[in-house]
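**Student:** Residues 0 to 154 (my numbering) make up the sequence shown, in order. One structure coming up, written as structure tokens, with questions to follow.
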Amino acid sequence: MDSKLIDALLIELLQLPEQRRTPEKILANLMLTATAAGVSLTTTAAPLQVEHLQLAAALEHLADQLGSQYRARAMLRLGGGLDGIELGAVVEPHDSTSPLPRFVAFGATARAALAGINREIRANNAPKAAIPKPRRSGRLGLHKLQGQLNKAATA
Numbered sequence: 000m001d002s003k004l005i006d007a008l009l010i011e012l013l014q015l016p017e018q019r020r021t022p023e024k025i026l027a028n029l030m031l032t033a034t035a036a037g038v039s040l041t042t043t044a045a046p047l048q049v050e051h052l053q054l055a056a057a058l059e060h061l062a063d064q065l066g067s068q069y070r071a072r073a074m075l076r077l078g079g080g081l082d083g084i085e086l087g088a089v090v091e092p093h094d095s096t097s098p099l100p101r102f103v104a105f106g107a108t109a110r111a112a113l114a115g116i117n118r119e120i121r122a123n124n125a126p127k128a129a130i131p132k133p134r135r136s137g138r139l140g141l142h143k144l145q146g147q148l149n150k151a152a153t154a
């Protein structure tokens with residue numbers, strides 16, 4: 000392992016002006032650094048990266064179906080369990096003050112996170128039963144008050 004070459008390549012990459020920092024230059028320096036370290040970099044995506052990309056594409060399609068007022072985000076977060084990482088899916092209005100609903104779900108795979116988002120959307124679109132107003136104790140309704148007044152007047 001050539002430590003001096005590794006240091007020189009990484010320092011060169013860090014000191015590279017932003018306007019000259021292209022993906023090709025970054026990849027070249029990292030490949031040379033890996034070679035100097037005696038390892039090889041793969042260019043194939045890891046399974047988690049593939050799941051993340053699939054989820055992002057599916058969420059974009061879903062946000063388009065919901066309308067132009069929505070945007071979608073796919074993310075990774077530390078979660079519970081042995082794997083420790085899970086995918087997050089968010090479909091939300093562009094404007095944070097909008098009264099439109101926000102949908103969030105998490106899962107170990109893109110399919111699980113997307114299923115969670117779809118469940119939330121279906122639950123939001125389901126007709127909701129009217130919630131009865133809770134009875135306020137110590138208050139007398141007008142019709143009951145009228146009945147008591149009539150009863151008192153006849154007595």
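For every residue, glycine included, the Cβ atom is placed at its ideal position computed from N, Cα and C. Bear in mind the structure is a predicted one, so any value in this text is a computation, not a measurement.
Are the beta-carbon atoms of A71 and L86 separated by less than 9 Å?
**Tutor:** For the purposes of this step, residue 71 is identified with residue 72 of the sequence shown, where counting begins at 1. For the purposes of this step, residue 86 is identified with residue 87 of the sequence shown, where counting begins at 1. Not in contact: A71 and L86 (Cβ atoms no closer than 9 Å).
**Student:** Counting pairs of beta carbons, one from the region 18-26 and one from the region 49-58, are three or more of them closer than 8 Å?
**Tutor:** Not touching, per the Cβ criterion.
**Student:** Take the Cβ of L144 as the centre, count every other Cβ of all protein chains shown within 10 Å, and call the residue buried at 16 or more, exposed below.
**Tutor:** To locate residue 144, count along the sequence shown from 1; it is residue 145. When all chains shown are included, L144 counts as exposed.
**Student:** Return helix, strand or coil for A57, following the three-state DSSP convention.
**Tutor:** Start at 1 with the first residue of the sequence shown, and residue 57 comes out as number 58. Looking at A57 - three-state DSSP - the assignment turns out to be helix.
**Student:** Alpha carbon to alpha carbon, what distance is there between G37 and M0?
**Tutor:** Position 1 of the sequence shown, counting from 1, holds the residue named residue 0. Position 38 of the sequence shown, counting from 1, holds the residue named residue 37. When rounded, the distance between both Cα atoms is 6 Å.
**Student:** List the endpoints of the continuous alpha helix (DSSP H) containing P92.
**Tutor:** Looking up residue 92 in the sequence shown gives position 93. From DSSP, P92 is part of no alpha helix (DSSP H) but of the beta strand (DSSP E) over I84 to P92.
**Student:** Look at the alpha carbon of R138 and the alpha carbon of A151, and state the distance between them as a whole number of angstroms.
**Tutor:** Taking the first residue of the sequence shown as 1, we reach residue 138 at position 139. Taking the first residue of the sequence shown as 1, we reach residue 151 at position 152. In a straight line, the C-alpha of R138 is about 19 Å away from that of A151.
**Student:** Leaving aside the five residues before and after L12 along the sequence, list all residues of the same chain whose C-beta is less than 7 Å from its C-beta, in chain order.
**Tutor:** To locate residue 12, count along the sequence shown from 1; it is residue 13. Cβ within range, chain order: I25 and N28.
**Student:** Judging by CA-CA distance, which residue of R118, V90, L8 and L4 is the nearest neighbour of L99?
**Tutor:** As a working mapping, residue 99 is identified with position 100 in the sequence shown. That would be V90, whose Cα lies nearest to the Cα of L99.
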